[in-house]
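Report on one structure; see the data block that follows.
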Ligand code: ADP
């Protein structure tokens with residue numbers, strides 16, 4: 001009997017097993033994943049169709065073909081997806097997922113709730129959200145990002161009807177609760193929120209993510225996972241951002257210490273405070289402790305004046321040495337003056353890996369500008385490449401400030417047209433607002 005004639009046996013749904021990679025900037029927040037076109041046809045999926053993605057969770061996304069520049073590694077069995085889709089599938093970069101053609105139904109109702117904080121919901125907002133979510137595949141428990149005033153606000157899909165994977169259409173009834181579902185536990189920064197750091201992210205992931213997620217690898221090979229990593233580079237280049245992204249992407253607990261603050265605000269109790277933070281991290285392991293401006297806590301001893309400082313350095317050394325070699329608590333410290341840090345801290349078993357985070361180059365600046373304008377209505381004349389060219393020497397923080405200032409400039413152009421005594425700004429005006437190249441140029445000149 002040939003396989004095709006068997007009617008009693010339901011044919012198995014075709015599926016792919018693919019390795020997760022990060023999304024290209026242009027796809028972030030669009031509910032899109034990218035898969036090799038030949039593989040898509042193997043599971044009967046055409047570009048733009050919805051696929052079901054199974055990691056430790058199930059989610060859905062629109063499948064589009066990889067573009068030529070995506071396949072430079074020669075690897076075919078990959079799926080590119082953004083941070084929010086990775087979270088929805090419960091996976092990290094490098095993990096495997098199963099992908100199938102999805103069974104999709106039109107949504108009759110969708111209930112959403114803000115993921116982190118309370119909001120005010122009015123009918124205008126609901127119709128705005130509905131427009132944003134149209135043709136977006138949704139699954140209960142997913143997080144979706146809704147751009148509001150240039151910021152992406154996370155919402156949790158609390159319920160969809162019918163159950164399963166649904167698409168919002170004009171007849172879908174959307175309701176949004178004004179209360180959050182859960183207080184936010186982790187910083188919501190993903191690797192796609194960091195521009196110009198591809199190689200650095202790779203290096204840090206190897207050092208931190210591997211031991212946090214798979215300590216058994218290190219144990220098996222008999223090598224000690226790193227306990228401490230020192231990031232150094234000028235202020236505002238994304239050191240903090242990077243530490244938060246790693247914690248988020250690995251679902252690790254994140255706690256932070258600010259060097260100058262622990263020395264001043266907790267003066268006299270600094271050692272106690274340090275002990276508490278390490279205890280708390282161990283209790284919630286896997287965990288990342290981020291120490292910003294570590295040079296304030298542990299300056300070179302010949303620069304140290306008082307006895308208190310001496311004791312705090314000693315306490316930090318003791319705590320680092322006391323961390324077990326299990327790799328499930330990792331301390332990431334940042335400084336812009338690595339030479340000012342006590343060399344005792346940079347010995348093996350302490351902060352023995354150092355990674356430089358330099359100022360972004362032109363390509364890096366372009367990526368950072370793309371990230372910070374992601375949720376902004378840009379007019380067609382905005383040339384981010386040109387802006388990247390003009391902003392030599394800018395840090396990520398400087399570029400983020402430039403983008404914000406440009407948006408404020410555009411707002412000032414619209415203000416005369418808006419009657420601020422009105423309760424609500426008319427949607428036509430909101431819809432028509434755009435940030436123009438001149439807004440950026442003016443911000444640049446200031
Ligand atoms: P650092 O810790 O190096 O002083 P931060 O991570 O605190 O810098 O950066 C401050 C802000 O500047 C970030 O919250 C982000 O908005 C922006 N920023 C800095 N570097 C980058 C980057 N590489 N990509 C995107 N945004 C960045």
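Numbering (full-length UniProt numbering), first residue to last: 1 to 446.
C-beta atoms are modelled at their ideal positions from N, C-alpha and C, and glycine is treated no differently.
Inset, instruction - Note down the Cα distance separating residue 354 from residue 336, rounded to an integer number of angstroms. - result: 12 Å
Inset, instruction - Give the single residue among 28, 265 and 144 whose Cα lies nearest to the Cα of residue 191. - result: 28
Legend entry - Which of helix, strand or coil DSSP assigns to residue 184: With a pLDDT of 47 at residue 184, under the threshold of 50, the predicted position of this residue should be treated as unreliable, and no value is reported.
Legend entry - Proximity test, residue 204 beta-carbon vs the ligand ADP heavy atom, cut-off 7 Å: no
Inset, instruction - Report the rounded CA-to-CA distance for residue 7 versus residue 124, giving the unit in angstroms. - result: Note that residue 7 has pLDDT 45, beneath the 50 cutoff, so the model's placement of it is unreliable and no number is given.
Legend entry - Rounded separation between residue 437 and residue 264 - CA only: 44 Å
Inset, instruction - Taking residue 417 as part of the beta strand (DSSP E), name the residues at either end of that continuous run. - result: Counting along the chain, residue 417 falls outside any beta strand (DSSP E), and DSSP gives it neither H nor E.
Inset, instruction - For residue 372, count neighbouring Cβ atoms within 10 angstroms of its own Cβ and tell me buried if that reaches 16, exposed if not. - result: With a 10 Å radius around the Cβ and a threshold of 16 neighbouring Cβ atoms, residue 372 comes out buried.
Legend entry - Nonlocal neighbours in the same chain, by C-beta distance under 8 Å from residue 254, ignoring five residues either side: 186, 187, 243, 244, 247, 248, 287, 288 and 290
Legend entry - Candidates 232, 441, 292 and 143: closest to residue 159 by CA position: For residue 159, the closest C-alpha among the options 232, 441, 292 and 143 is that of 143.
Inset, instruction - Starting from the N-terminal side, write out each stretch of the alpha helix (DSSP H) that is 4 residues or longer and does not extend beyond the UniProt domain "AAA+ ATPase" (225-361). - result: 239-249, 259-264, 270-283, 294-297 and 307-322
Inset, instruction - Use the C-beta contact count for residue 407: other C-beta atoms within 10 angstroms, 16 or more gives buried, fewer gives exposed. - result: buried
Inset, instruction - For residue 163, count neighbouring C-beta atoms within 10 Å of its own C-beta (all shown protein chains included) and say buried if the count is 16 or more, exposed if not. - result: Here residue 163 is exposed: its Cβ has fewer than 16 other Cβ atoms, across all protein chains shown, within 10 Å.
Inset, instruction - Would you mind stating whether residue 485 and residue 80 have Cβ atoms separated by less than 8 Å? - result: The requested residue 485 does not occur in the structure, where the chain is confined to residues 1 to 446.
Inset, instruction - Could you check which residue in 215, 241, 97 and 262 has the C-alpha nearest to that of residue 285? - result: 215
Inset, instruction - Would you kindly check if the distance between the Cβ of residue 98 and the Cβ of residue 37 is under 8 Å? - result: For residue 37 and residue 98, no; Cβs fall outside 8 Å.
Inset, instruction - Tell me whether the beta-carbon of residue 311 lies closer than 8 Å to the beta-carbon of residue 227. - result: no
Inset, instruction - Please check the pair residue 240 and residue 292, which I expect to be a contact at CB under 8 Å, by giving their CB distance rounded to whole angstroms. - result: Rounded, the Cβ-Cβ distance is 6 Å, consistent with contact.
Inset, instruction - Identify the continuous beta strand (DSSP E) that holds residue 68 and give its terminal residues. - result: Segment: none, residue 68 is in no beta strand (DSSP E) and carries neither H nor E.
Inset, instruction - Kindly list the residues whose CB is nearer than 8 Å to the CB of residue 410, restricted to its own chain and excluding five residues on each side of it in sequence; keep chain order. - result: 433, 434, 435, 436 and 439
Inset, instruction - Indicate, with yes or no, if the ligand ADP has a heavy atom lying under 7 Å from the CB of residue 397. - result: yes
Inset, instruction - Using the Cα positions of residue 14 and residue 102, report the straight-line distance between them to the nearest angstrom. - result: So the alpha carbons of these two residues sit roughly 11 Å apart.
Inset, instruction - Kindly indicate the opening and closing residues of the alpha helix (DSSP H) around residue 427. - result: Counting along the chain, residue 427 sits inside the alpha helix (DSSP H) bounded by residues 427-432.
Legend entry - Under 8 Å between C-beta atoms of residue 85 and residue 107: no
Inset, instruction - Please list, in chain order, all residues of the same chain as residue 139 whose beta carbon is under 6 Å from its beta carbon, the five residues on each side excluded. - result: 59, 60 and 165
Inset, instruction - Have a look at residue 89 and residue 231 and give me their C-alpha separation to the nearest angstrom. - result: 30 Å
Inset, instruction - Indicate the three-state DSSP secondary structure (helix, strand or coil) for residue 59 in the structure shown. - result: In the structure shown, the three-state DSSP call for residue 59 is strand.
Inset, instruction - Could you pull out every residue in the same chain whose Cβ sits closer than 7 Å to the Cβ of residue 356, ignoring the five residues on either side in sequence? - result: 232 and 233
Legend entry - C-alpha distance - residue 184 paired with residue 294, whole-angstrom precision: With a pLDDT of only 47 at residue 184, under 50, the local geometry of the prediction cannot be trusted, and the value read off the model is given with reservation. Straight-line Cα distance between these residues: approximately 27 Å.
Legend entry - Three-state class that DSSP yields for residue 149 in the structure shown: coil
Inset, instruction - Check residue 159 in the structure and name its three-state DSSP category. - result: strand
Inset, instruction - Return the CA-CA distance between residue 114 and residue 151, expressed in angstroms with no decimal places. - result: 13 Å
Inset, instruction - Using beta-carbon positions only, say whether residue 197 and residue 93 come within less than 8 Å of one another. - result: no
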